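Numbering (this note's numbering), first residue to last: 37 to 396. This report concerns only the one structure given below.
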């Protein structure tokens, strides 16, 4: 399979595949890693564990937490195509797609996704030109199928069937009929949002496939300047923003937001109480956050769902992943369906989302 990631994090994705999942990277480039043939089923099996679908377990990955953190999209069983011109590349992609249908009924919308490392100057124009030529050719050959094509990426954790094309350079692409999306995507900004971190929480909702609702309660630890608090409050949730620092922008005087000037590590609900959501985005050592916030909040049932950022700039991120997935991790013990992601809007950090398992 071929997995995409945020450009600059290819070596960490390769290490995760090798050291955490026992897979064998054979080639890397800007924003992508290719895994040896024979490993293609692992992405689908990881997705199945995350979503509860019935697929066989992968012997090397072991459990619901073993889907990929650094990967954004996995192309399953990709085929390499090459060409020196736009027309040649479009023709080869078309041959692959039409040939792969083999009488397959296409009666619903299907994803038609074209990607590549857009930091490569001029590559985005090349991809767009090949995509346009492919679309014109498909309309001539299979007009009804062409009308059902949509550009959207698959939802996080699900195997999607359609056409997925990833350009590794101007004359080389990888094509696949199936892909697994892990939920990362670019988000639109909000002029009232106090900080760039607003984009991370908006993206995290898509990974969890849920967002705060009107009337729900949210505790935001380390809230300032208030991007995450504002995101929940504008949806009608009641937010307690905990931080000694000031709130700004749309969070500053929001009617659904209460600012508590307290230390995040000392704050917790009143006896017998719980929040619907825990938000936590602290510039702190990640193991300290895991021990002193994540563990007690999950163990004591102080929240029902959570979005937590863990900074790995000063620790080994692969070792941190292994800690998060260890049997004694509070995630495994209290939120076994939790997902660890390196988001599109993340830098040197993981975003962890999940729901706390109800006590029997």
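Glycine included, every Cβ here is placed at the ideal spot set by N, Cα and C. Predicted, not measured: the structure shown is a model, and the values here were computed from it.
Beta-carbon proximity of residue i to residue j, cut-off 8 Å
{"i": "residue 220", "j": "residue 49", "result": "no"}
{"i": "residue 257", "j": "residue 243", "result": "no"}
{"i": "residue 272", "j": "residue 302", "result": "no"}
{"i": "residue 120", "j": "residue 145", "result": "no"}
{"i": "residue 354", "j": "residue 56", "result": "yes"}
{"i": "residue 209", "j": "residue 149", "result": "no"}
{"i": "residue 357", "j": "residue 322", "result": "no"}
{"i": "residue 115", "j": "residue 133", "result": "no"}
{"i": "residue 294", "j": "residue 349", "result": "no"}
{"i": "residue 66", "j": "residue 156", "result": "yes"}
{"i": "residue 395", "j": "residue 386", "result": "no"}
{"i": "residue 202", "j": "residue 151", "result": "yes"}
{"i": "residue 334", "j": "residue 366", "result": "yes"}
{"i": "residue 213", "j": "residue 197", "result": "yes"}
{"i": "residue 312", "j": "residue 336", "result": "no"}
Rounded Cβ spacing between residue i and residue j (contact assumed at less than 8 Å)
{"i": "residue 166", "j": "residue 122", "result": "5 Å"}
{"i": "residue 282", "j": "residue 260", "result": "6 Å"}
{"i": "residue 339", "j": "residue 318", "result": "Between residue 318 and residue 339 the Cβ distance is about 15 Å, and since that is not below 8 Å, they are no contact."}
{"i": "residue 204", "j": "residue 68", "result": "6 Å"}
{"i": "residue 292", "j": "residue 276", "result": "That belief does not hold up - the Cβ atoms of residue 292 and residue 276 are roughly 10 Å apart, past 8 Å."}
{"i": "residue 370", "j": "residue 351", "result": "About 22 Å; that fails the 8 Å criterion."}
{"i": "residue 240", "j": "residue 254", "result": "Rounded, the Cβ-Cβ distance is 13 Å, inconsistent with contact."}
{"i": "residue 117", "j": "residue 125", "result": "7 Å"}
{"i": "residue 236", "j": "residue 381", "result": "5 Å"}
{"i": "residue 46", "j": "residue 64", "result": "5 Å"}
DSSP beta-bridge partners of residue i
{"i": "residue 185", "result": "146"}
{"i": "residue 315", "result": "256 and 343"}
{"i": "residue 277", "result": "256 and 295"}
{"i": "residue 387", "result": "345 and 377"}
{"i": "residue 151", "result": "202"}
{"i": "residue 39", "result": "69 and 110"}
{"i": "residue 115", "result": "211"}
Residue i in three-state terms, based on DSSP
{"i": "residue 47", "result": "helix"}
{"i": "residue 95", "result": "At residue 95, the pLDDT of 29 sits below 50, so the modelled position is not reliable and the matter cannot be decided from this model."}
{"i": "residue 199", "result": "strand"}
{"i": "residue 178", "result": "coil"}
{"i": "residue 369", "result": "helix"}
{"i": "residue 270", "result": "coil"}
{"i": "residue 120", "result": "coil"}
{"i": "residue 293", "result": "strand"}
{"i": "residue 60", "result": "coil"}
{"i": "residue 347", "result": "strand"}
{"i": "residue 242", "result": "helix"}
{"i": "residue 204", "result": "strand"}
{"i": "residue 102", "result": "Here residue 102 scores only 43 on pLDDT, less than 50, and its place in the model should not be relied on; the value that follows carries that caveat. Coil."}
{"i": "residue 333", "result": "helix"}
{"i": "residue 68", "result": "strand"}
{"i": "residue 212", "result": "strand"}
{"i": "residue 225", "result": "coil"}
{"i": "residue 80", "result": "Residue confidence for residue 80 is low, a pLDDT of 48 falling below 50, so the modelled location carries little weight and cannot support an answer."}
{"i": "residue 129", "result": "helix"}
{"i": "residue 141", "result": "coil"}
{"i": "residue 262", "result": "coil"}
{"i": "residue 156", "result": "coil"}
{"i": "residue 310", "result": "coil"}
{"i": "residue 85", "result": "In this predicted model, residue 85 has a pLDDT of only 42, less than 50, meaning its place in the structure is not dependable enough to derive any value."}
{"i": "residue 303", "result": "coil"}
{"i": "residue 250", "result": "coil"}
Pair every Cβ in the region 286–304 with every Cβ in the region 345–355, then say whether three or more of these pairs are closer than 8 Å. no
Give a yes or no on contact between the region 231–239 and the region 263–283, applying the rule of three or more CB pairs nearer than 8 Å. yes
For the structure I just gave you, are there three or more beta carbon pairs, one from the region 101–117 and one from the region 39–57, closer than 8 Å? yes
Evaluate the contact criterion for the region 176–188 versus the region 156–163: three or more CB pairs, one atom per stretch, below 8 Å. no
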